[in-house]
Amino acid sequence: MRIFVTGGSGLLGSKLAEIALEKGHQVFSGYNHNLSEKGLPIKFDLAIETSIRKSMNQSSPEIVFHTAALTDVDRCQVDQDLACQINVRGTKILAETTKEAGAFMVYISTDYVFDGKIGMYREEDPTSPVNHYGYTKLMGEQHADCEARTCVIYGSRPASGKVNFALWILERLRKEEKINIVADQYVSPTLNTNLAHMLLDVAERRLEGIWHLAGSTRISRYDFACQLADVFGLDKNLLVPSKMANMSWMAQRPRDSSMDVSKASRGLKEKPYDLNRSLKIVKEEIG
Ligand SMILES: NC(=O)c1ccc[n+]([C@@H]2O[C@H](COP(=O)([O-])OP(=O)(O)OC[C@H]3O[C@@H](n4cnc5c(N)ncnc54)[C@H](OP(=O)(O)O)[C@@H]3O)[C@@H](O)[C@H]2O)c1
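Take the sequence shown: its letter number 185 is residue 184 in numbering that gives the first Met the number 0, and every next letter is one higher.
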């Protein structure tokens with residue numbers, strides 16, 4: 000299949016492009032500031048309509064994986080117009096051009112569409128974002144064929160010019176630095192490799208609607224860091240449990256945005272992995 004991955008330089012998009020290529024697909028990899036390394040790179044800007052249309056003409060895809068977004072939660076809170084321009088208007092235009100091309104669009108959404116009051120969210124649960132990032136991502140959901148919501152993505156390599164949550168912890172522990180990590184925020188950490196396989200499964204079968212595609216383990220960020228330290232034989236005494244209330248975030252975060260992935264576990268060939276399995280894969284990938 001001809002596939003256009005927006006955010007091909009990012010944490011998820013780069014892994015998705017890599018695995019799609021391995022599976023024999025033709026991959027066009029959209030980027031903005033950081034050149035995509037996997038697939039045929041296409042530079043474009045979601046804030047500019049003509050640029051989106053040009054990228055779609057260049058790739059003429061059958062499948063669009065829309066992973067690109069303004070993902071910095073605090074920046075979205077401060078720069079609300081830009082967040083709307085990229086995450087809402089950019090997504091709407093991309094979806095329109097996808098329909099015009101007769102292609103199928105999988106939009107990557109987030110656990111931050113929920114307020115985090117109950118946790119283990121199912122696809123049909125009411126949404127109620129507590130910050131502007133979550134609001135813009137929820138608005139973007141209106142336009143796609145398939146909305147794949149995920150949670151705290153991590154992987155074995157830096158992408159889009161930055162390290163992810165797991166690599167950041169490993170870097171600091173290797174330098175024997177203490178890290179404050181929130182122990183009262185619960186998530187479903189998701190390995191990018193597992194997510195990429197699930198997304199390809201969804202797209203190859205053109206499964207429509209909302210899908211919660213995340214790791215199958217609900218855990219606090221602090222306990223996640225402890226398990227990561229154990230797997231890599233690092234000193235978990237350097238991890239200091241802290242509280243969400245003590246963080247100097249610009250945007251509010253949901254307290255428990257863990258996801259119920261039973262629909263994916265039942266309906267997909269590629270199942271959500273639990274944390275033990277995922278962390279072993281990260282270790283193998285890092286080598
Ligand atoms: N990371 C998480 O924990 C998490 C959790 C839940 C949901 N999600 C969602 O999952 C998706 C992937 O996240 P990620 O962590 O892989 O993202 P990421 O690593 O931060 O990468 C973001 C990507 O978006 C591209 N991008 C940003 N602004 C753009 C613009 N104006 N025009 C074109 N491309 C632009 C970036 O391109 P350049 O780097 O080339 O500028 C980059 O490739 C996002 O939609 C995010 O909302 C992420």
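In this text, a Cβ means the ideal position worked out from N, Cα and C, and glycines have one as well.
Specify, as a first and last residue, the run of the beta strand (DSSP E) that residue i falls within.
i: Val63; result: Ile62 to His65
i: Lys14; result: Run containing Lys14: none in the beta strand (DSSP E); it sits in the alpha helix (DSSP H), Leu10 to Glu21.
i: Ile117; result: That residue, Ile117, is in no beta strand (DSSP E); it is neither H nor E in DSSP.
i: Lys42; result: Leu39 to Lys42
i: Phe103; result: Phe103 to Thr109
i: Arg1; result: Arg1 to Thr5
i: Phe27; result: Gln25 to Tyr30
Which residues in the same chain as residue i place their Cβ atom closer than 6 Å to its Cβ, once the five residues preceding and following it in sequence are excluded?
i: Ile209; result: Glu122 and Glu146
i: Ser35; result: Gly7, Ser8 and Ser28
i: Val26; result: Ile2, Ala16, Ala19, Leu20 and Gly38
i: Cys75; result: Leu69, Ala82, His131 and Tyr132
i: Ile85; result: Leu45, Ala46 and Leu69
i: Gly115; result: Pro253, Arg254, Asp255 and Ser256
i: Met0; result: His24, Glu61 and Ile62
i: Ser187; result: Cys150, Ala213, Gly214, Arg217, Ser257 and Met258
So the alpha helix (DSSP H) residue i belongs to, where does it begin and stop?
i: Glu170; result: Phe164 to Arg173
i: Gln76; result: Val72 to Val77
i: Asn179; result: Per DSSP, Asn179 belongs to no alpha helix (DSSP H); it is in the beta strand (DSSP E), Ile178 to Val181.
i: Met287; result: With the chain represented from 0 up to 286, any question about residue 287 goes unanswered, as that position is not in the structure.
i: Met55; result: Glu48 to Ser58
i: Cys145; result: Counting along the chain, Cys145 falls outside any alpha helix (DSSP H), though it belongs to the beta strand (DSSP E) covering Cys145 to Thr149.
i: Val260; result: Careful: Val260 lies outside any alpha helix (DSSP H) and carries neither H nor E.
i: Val281; result: Leu274 to Ile285
i: His196; result: Asn191 to Glu203
i: His131; result: His131 to Gly139
Buried or exposed: where does residue i fall if 16 or more other Cβ atoms within 10 Å of its Cβ makes it buried?
i: Leu274; result: buried
i: Thr49; result: exposed
i: Asn245; result: exposed
i: Ser58; result: buried
i: Pro128; result: buried
i: Asp229; result: exposed
Which residues in the same chain as residue i place their Cβ atom closer than 7 Å to its Cβ, once the five residues preceding and following it in sequence are excluded?
i: Phe231; result: Leu169 and Lys282
i: Leu199; result: Ile18, Ala19 and Lys22
i: Tyr30; result: Gly7, Ser8, Pro40 and Lys42
i: Gln184; result: Ser219, Arg220, Met243, Arg252 and Arg254
i: Ala94; result: Met104, His142 and Ala143
So the candidates are the options; which of them puts its Cα closest to the Cα of residue i?
i: Val181; options: Phe223, Leu172 and Ile2; result: Phe223
i: Ala68; options: Leu15, His142, Leu45 and Thr96; result: Leu45
i: Cys83; options: Gly101, Phe3, Leu137 and Leu190; result: Leu137
i: Ala102; options: Glu203, Pro240, Val72 and Thr216; result: Glu203
i: His131; options: Val72, Ile152 and Asp259; result: Val72
i: Asp144; options: Arg205, Ala213 and His211; result: Arg205
i: Arg156; options: Lys14, Val4 and Pro128; result: Lys14
i: His32; options: His65, Asp78, Lys161 and Val87; result: Lys161
i: Thr5; options: His65, Gln226 and Leu190; result: His65
i: Trp248; options: Arg52, Ser159, Ser256 and Val77; result: Val77
i: Met55; options: His24, Asp80 and Gly89; result: Gly89
i: Ile107; options: Tyr134, Glu140, Asp124 and Ala100; result: Glu140
i: Tyr153; options: Tyr111, Asn191 and Gly12; result: Asn191
i: Cys225; options: Asp110, Ala158, Ala165 and Lys53; result: Ala165
i: Asp124; options: Met258, Arg265 and Ser264; result: Met258
i: Thr189; options: Asn163, Leu172 and Ile178; result: Asn163
So, at 8 Å on beta carbons, what are the nonlocal neighbours of residue i in its own chain, with the 5 sequence-adjacent residues on each side left out?
i: Val201; result: Val105, Cys145, Ala147, Trp210, Leu212 and Leu267
i: Glu175; result: Asp234 and Leu237
i: Asn193; result: Gly214, Glu269, Pro271, Tyr272, Ser277 and Ile280
i: Lys53; result: Phe43
Quick check: is the beta carbon of residue i nearer than 7 Å to any beta carbon in chain B?
i: Val181; result: Of the protein chains in this structure there is only one, and it is not chain B.
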